[in-house]
Amino acid sequence: MPRFAASLPEEEPSDPAREGTCAAWVAEMVLIGQVNRAADMIDLSHENGWLVDTEMAYHVQGYVDRLRSRGGRVIAEQFVRLNEMIGGTPDAVAVVDETGTLYGDDLKYGFSPVDPYRNTQVAIYLAAVLATLNTPINKIVIGIYQPRSMHPQGIHRTWETTPEELLSFVEWIKARGNECQDPNSIATPGTHCEYCPAAGSCVALTQSVYKAFSVLTETRQMQLTGPQLARELDFINQVEKMLKARKNAIEAETTERMKGGDYVPGYGLEPRLGPRKFSASPGEIAVATGINPYSEPKLCTPAELERRGANKEVVQRMSTRPHIQPKLTRLGDNHYTRLFEGK
Ligand code: SF4
27 MPRFAASLPE
37 EEPSDPAREG
47 TCAAWVAEMV
57 LIGQVNRAAD
67 MIDLSHENGW
77 LVDTEMAYHV
87 QGYVDRLRSR
97 GGRVIAEQFV
107 RLNEMIGGTP
117 DAVAVVDETG
127 TLYGDDLKYG
137 FSPVDPYRNT
147 QVAIYLAAVL
157 ATLNTPINKI
167 VIGIYQPRSM
177 HPQGIHRTWE
187 TTPEELLSFV
197 EWIKARGNEC
207 QDPNSIATPG
217 THCEYCPAAG
227 SCVALTQSVY
237 KAFSVLTETR
247 QMQLTGPQLA
257 RELDFINQVE
267 KMLKARKNAI
277 EAETTERMKG
287 GDYVPGYGLE
297 PRLGPRKFSA
307 SPGEIAVATG
317 INPYSEPKLC
327 TPAELERRGA
337 NKEVVQRMST
347 RPHIQPKLTR
357 LGDNHYTRLF
367 EGK
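In our numbering, the protein residues as written are 27 to 369.
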């Protein structure tokens, strides 16, 4: 996958990705002490344009409180490099406590359930943190905190392991990373395609998805047993993830191509506006409204200034709503009727 993905142009992040980045940013700001509580960031927007709302602040505060309830030293966001191919700045947060336990938790703001067991992102992060510690560690706990997703094991799920098992798992990840760079490596579709940036151009995935759809005719009905239900659910989950990977990738590519002027019959781009931002300087805003527009740690939003009593018309004149990624839309039948009629 990395070899295929490296040849692709960089894509704009999707809305769920921007929202997740914004939630991770709020958590980091609280954990490193830039703000006291997540609620202090309501109405601020991340540099990707996503606005912090009350619901996000509530869920992020729950995550921060959960991490802090363990005591110990918090290590938030830091760049991690496993080898020359695997590196990045994960959103995960590590905590080391006095009993020699190293915790690594990741806030997942999306709805699709994420499993902490052998979670590659957090495992890579903890292996890197482990290498920097000079205190003995005897237990590793990987956690996924997913406040908006219903799960029988609750919103905070964990996997306990040992430092030895963690390091051997990370060695396994490195070996798979090396295999991916092999010029003769082949693409094998599966649930791992879900977040693959090459899913839009991967022939193996395309053909696997086509194979999952074949029409048979049958008159008999059947009642599934428990084990059959389990196998059926496993199969449907796998096909669903592959289909989702393909759909997301094709939608992203269609959007980019249409923004570049390509014509895709039956589809259009619906413009969307992001949250309001000031277009005037802080000094001009203060003079025009008589209100200090600062809200630690940065300029407040136009909505926040209005709540503080600023005149709405004045704020309107000094702010703008930038265009964000347009929404790909299936045009209705009327579109074709109009085309036939030459309108
Ligand atoms: S879409 Fe799936 S099979 Fe194709 S390159 Fe990506 S991970 Fe591999």
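Note that the Cβ used here is the ideal one computed from N, Cα and C, for glycine as well.
Because the structure is a prediction, the values reported are computed rather than measured.
Opposite Y320 in the DSSP bridges: which residues?
DSSP lists L325 as partners of Y320.
Status (buried if at least 16 other CB within 10 Å, exposed otherwise) for H85:
Burial state of H85 is buried, judged by a 10 Å Cβ sphere holding 16 or more other Cβ atoms.
Residues in the same chain with beta-carbon distance under 7 Å from L193, minus the five sequence neighbours each way, listed in chain order, please.
Residues A153 of the same chain have their beta carbon placed closer than 7 Å to that of L193, with the five preceding and five following residues left out of the count.
Would the C-beta of A225 count as close to the ligand SF4, meaning under 7 Å from any of its heavy atoms?
Between the ligand SF4 and A225, a heavy atom-to-CB distance of less than 7 Å is present.
Classification of A64 by the beta-carbon crowding that lies within 10 angstroms, buried from 16 upward:
In this structure A64 is buried. Its beta-carbon is surrounded by 16 or more other beta-carbon atoms within 10 angstroms.
Taking the beta strand (DSSP E) that W185 falls in, what are its first and last residues?
From DSSP, the beta strand (DSSP E) with W185 extends over H182 to T187.
Burial state of Y129 (16 or more Cβ within 10 Å)
Around the beta carbon of Y129, 16 or more other beta carbons lie within 10 angstroms, which makes this residue buried.
Ordered along the chain, which non-local residues of its own chain (more than five positions away) have a Cβ less than 6 Å from that of L108?
Listed in chain order, the non-local C-beta contacts of L108 below 6 Å within the same chain comprise I150, local neighbours out to five positions each way being set aside.
For a quick check, are the C-beta atoms of D69 and A329 less than 8 Å apart?
The answer is yes: Cβ separation under 8 Å.
Starting from the Cα of A120, find the closest Cα among I170, C219, P348 and M82 and give me that residue.
Here the closest residue by C-alpha is I170.
Kindly indicate which residue of S305, A278, S307 and E191 has the alpha-carbon position closest to the one of L295.
Between L295 and the set S305, A278, S307 and E191, the nearest pair of CA atoms involves A278.
Looking at the ligand SF4, does it come within less than 7 Å of P215, judged from the CB to the closest heavy atom?
Checking the 7 Å criterion, the Cβ of P215 is within range of a heavy atom belonging to the ligand SF4.
Cβ shell of N74 (< 8 Å), same chain only, five flanking positions each side left out:
If we look at N74 and ignore the five residues flanking it on each side, its Cβ neighbours are P39, R44, T47 and C48.
My parser needs the alpha helix (DSSP H) runs of 4 or more residues fully inside the segment 70-141; what are they?
80-94, all fully within the segment 70-141.
Determine the DSSP secondary structure at I276, reduced to helix, strand or coil.
It is helical.
Taking 7 Å as the cut-off, is the C-beta of A43 nearer than that to any heavy atom in the ligand SF4?
Result no, Cβ not under 7 Å from the ligand SF4.
Could you give the first and the last residue of the continuous alpha helix (DSSP H) run that contains P348?
In the DSSP annotation of this structure, P348 is not part of any alpha helix (DSSP H), being labelled neither H nor E.
Within 10 angstroms of its Cβ, does N164 collect 16 or more other Cβ (buried), or is it exposed?
It counts as exposed.
With DSSP collapsed to three states, give me the class of E296.
The DSSP-derived three-state label of E296 is strand.
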